[in-house]
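UniProt numbering puts the last residue of the sequence shown at 415; the count rises by one with no breaks.
Structure, as structure tokens:
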Amino acid sequence: MSERKPRVVVVGGGLVGALNTCFLAKRGFIVDLYEKRSDIRKAEHVKGRSINLALSTRGRTALRMVGLEDTVLENGIRMHARMIHDPDGSRRPILYGKEDQYIMSVDRRRLNEVLLTAAEKNPNVTCHFEHKLVSCDFKTGEAEFINNEGKRIKKTVDLIVGNDGAFSGVRKEMMKATLLDYQQQYIPHGYMELTIPPSPKDEYLMETNYLHIWPRNEFMMIALPNLDKSFTCTLFMPFEIFNSIKTEEDLMNFFRDKFPDSIPLMGEETLKQIFMSSKALPMVSIKCSPYHVEDKGLIMGDAAHAMVPFYGQGMNAGFEDCIALDEMLDLYKNDFSKALPAYSETRTVDAHAICDLAMYNYVEILTKVLSGGMMVLLGVCALSGLRICNQRGITFQTLTDKAMELWESFPPVNR
């Protein structure tokens, strides 16, 4: 008699939810994926975040484990260095490390489509779009949804996994069912997406294999290359400054002063049209603990640890969650009562550390751009330190206060 296959509901069909579905289906689990939006592969326009993504080694490892790394890399662009745009219009490259080292610029929507298609190819997977979570019962494993026609659907499974983003419905239900610590912090900055189109000859208007950065102390702009020869630009800036730009004249005066070399690249009329018709969106950092409820509920990705995008590891950390869960399921032979607590205990420390490091980098990257090797070195040292602090109950604020005390004790020489 064949062993019964575990049944899982995955809530959220974004990047981490779709990849997690691939991992779970690969284990032979029966997976129902529920997404409140319509199928992104059929939508002409997609609402929500569309910041281009930087795919690093940890993200690529997860994709490799489900056989998707090559497919994703074919649809990405290598970025070997940062290209710094100074206020006077000059540019200077800063390598990430050695010449053969790089990160990938990938399109969020295209990546999501690849992951969903791969998930659906598995006969153990069923995708349900336009289904919004209503409630979860972590005693019985019942999840209730409402579809776009107003019909309520109930599904009883062995495990409910929340991959439903920073404002997770599954996490909200978990907070009713267990003692879940929760911390949320909005930063004063928002972001707005702009674009640099291809040239009239359908060519890139800037150097291709770079992450372009315009650092301007309290705000900055970045640009990542796309396969269609355009660049996706993201302006990160305090809401106070966004709100002060009320007219097209205000906008052009601001850009002429702060980003003069970007105007001919974007095109003045395109810049006006996009900026004046768009709204700056918020960024939030979220930490919570634990990530599980008994053997029936689990949150992963942004639902567990949303982070500001200034360390470039939000998606990569979410993908690494899938690896970590897969390892625990291997270790405990799919016993959710053991695997979920173990995952929660080990992953919380790493995820909190990365969230803290991203918040630290938020301040650091606005004022200076370090070399790639130095950034990696500092990142590794800081991440190790933050892990130790989290394990010992030392808060990030205490750590930064002590660091500032030490910094201020040094003689003021060329700071």
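Note that beta-carbon positions come from the ideal geometry of N, C-alpha and C, so glycine has one too.
Every value quoted in this text rests on a predicted model; they were computed, and no experiment measured them.
Over the uninterrupted beta strand (DSSP E) stretch that includes residue i, give me the two end residues.
{"i": "G314", "result": "Unbroken run through G314 is the alpha helix (DSSP H), G314 to L331; no beta strand (DSSP E)."}
{"i": "D32", "result": "I30 to E35"}
{"i": "F145", "result": "E142 to N147"}
{"i": "S135", "result": "H131 to D137"}
{"i": "K279", "result": "No beta strand (DSSP E) holds K279; DSSP gives it neither H nor E."}
I need the DSSP call for residue i, collapsed to helix, strand or coil.
{"i": "R415", "result": "Its pLDDT being 31, under 50, R415 is placed unreliably by the model, and the measurement read from it follows with that caveat. DSSP places R415 in coil when its eight states are reduced to three."}
{"i": "Y360", "result": "helix"}
{"i": "M175", "result": "helix"}
{"i": "N20", "result": "helix"}
{"i": "K296", "result": "coil"}
{"i": "I40", "result": "coil"}
{"i": "S371", "result": "The pLDDT assigned to S371 is 43, lower than 50, so where the model puts this residue is not dependable; a value taken from the coordinates is nonetheless given after this. Three-state result, S371: coil."}
{"i": "V284", "result": "strand"}
{"i": "G169", "result": "helix"}
{"i": "S199", "result": "coil"}
{"i": "P309", "result": "helix"}
{"i": "P188", "result": "strand"}
{"i": "residue 449", "result": "This structure cannot speak to residue 449, because the chain is shown only from 1 to 415."}
{"i": "T270", "result": "helix"}
{"i": "K258", "result": "helix"}
{"i": "G13", "result": "coil"}
{"i": "T234", "result": "strand"}
{"i": "P264", "result": "helix"}
{"i": "K338", "result": "helix"}
{"i": "K26", "result": "helix"}
{"i": "L227", "result": "coil"}
{"i": "L95", "result": "strand"}
{"i": "V157", "result": "coil"}
{"i": "S289", "result": "strand"}
{"i": "Y102", "result": "coil"}
{"i": "residue 416", "result": "Any question about residue 416 goes unanswered here, given that the chain covers just 1 to 415."}
{"i": "E3", "result": "coil"}
{"i": "L194", "result": "strand"}
{"i": "L73", "result": "helix"}
{"i": "H128", "result": "strand"}
{"i": "V380", "result": "With a pLDDT of only 44 at V380, under 50, the local geometry of the prediction cannot be trusted, and no value is derived from it."}
{"i": "H352", "result": "helix"}
Contact defined as beta carbons within less than 8 Å: I believe residue i pairs with residue j. What is the distance between those atoms, to the nearest angstrom?
{"i": "N112", "j": "L15", "result": "6 Å"}
{"i": "V11", "j": "L133", "result": "5 Å"}
{"i": "M83", "j": "Y210", "result": "4 Å"}
{"i": "Y186", "j": "P282", "result": "6 Å"}
Give every residue of the same chain whose Cβ lies closer than 6 Å to the Cβ of residue i, excluding the five residues on either side of it in the sequence, and list them in chain order.
{"i": "A18", "result": "L115, L116 and A119"}
{"i": "R4", "result": "none"}
{"i": "M174", "result": "L180, V293 and G297"}
{"i": "S56", "result": "I103 and N316"}
{"i": "P93", "result": "A81 and M83"}
{"i": "S289", "result": "D181 and T348"}
{"i": "C22", "result": "V66, A118 and A119"}
{"i": "F129", "result": "E35, S38 and D39"}
{"i": "P238", "result": "P188 and H189"}
{"i": "A177", "result": "F138 and V293"}
{"i": "A339", "result": "M328, L329 and Y332"}
{"i": "E69", "result": "R60 and L63"}
For residue i, collect the residues of the same chain with a Cβ closer than 8 Å to its Cβ; drop the 5 residues on either side in sequence, then sort them by chain order.
{"i": "V8", "result": "L24, F29, I30, V31, D32, V157, D158, L159, I160 and V161"}
{"i": "Y343", "result": "Y291, H292, L298, A324, L325 and M328"}
{"i": "I146", "result": "H131, K132, V134, R152 and I153"}
{"i": "M276", "result": "E248 and L251"}
Any heavy atom of the ligand GTP closer than 7 Å to the beta-carbon of residue i?
{"i": "Y360", "result": "This structure does not include the ligand GTP; it has no bound ligands of any sort."}
Counting only the same chain and skipping the five closest in sequence on each side, list residues whose C-beta sits under 7 Å from that of residue i.
{"i": "A351", "result": "A304, H305 and A317"}
{"i": "M65", "result": "I323"}
{"i": "G310", "result": "Checking the sequence, you will find Phe at residue 310 rather than Gly. Excluding sequence neighbours, F310 sits near A358, N361, Y362 and I365."}
{"i": "V308", "result": "I187, M283, S285, A358, M359 and Y362"}
{"i": "A382", "result": "Note that A382 scores 48 on pLDDT, short of 50, meaning its location in the model is unreliable; the coordinates nonetheless yield the value given after this. Only L357 and Y360 meet the Cβ criterion."}
{"i": "C136", "result": "A143, I160, V170, E173 and G297"}
{"i": "N20", "result": "V10, V161, N163, M300 and C322"}
{"i": "S278", "result": "M192"}
{"i": "R91", "result": "M83, I84 and H85"}
{"i": "N148", "result": "E130"}
What span of residues does the alpha helix (DSSP H) with residue i cover, start to end?
{"i": "T208", "result": "No alpha helix (DSSP H) holds T208; DSSP gives it neither H nor E."}
{"i": "T57", "result": "T57 to M65"}
{"i": "I241", "result": "F239 to S244"}
{"i": "T117", "result": "R108 to E120"}
{"i": "T247", "result": "No alpha helix (DSSP H) contains T247, which DSSP labels as neither H nor E."}
{"i": "E218", "result": "Taken as a continuous stretch (DSSP letters only), E218 belongs to no alpha helix (DSSP H), as it is neither H nor E."}
When the Cβ atoms of the segment 164 to 178 are set against those of the segment 297 to 311, are three or more pairs found closer than 8 Å?
yes
I'd like to know if the segment 173 to 185 and the segment 227 to 236 are in contact, where contact means that at least 3 CB-CB pairs between them fall below 8 Å.
no
State whether the segment 237 to 255 contacts the segment 270 to 279, with contact taken as three or more CB pairs (one from each stretch) at a distance under 8 Å.
By the Cβ criterion, the segment 237 to 255 is in contact with the segment 270 to 279, since at least three pairs of Cβ atoms, one from each stretch, lie closer than 8 Å.
Segment contact flag, the segment 241 to 250 with the segment 204 to 211, C-beta cutoff 8 Å, min 3 pairs
no
Segment contact, 8 Å Cβ cut-off, at least three pairs: the segment 214 to 227 with the segment 63 to 77
yes
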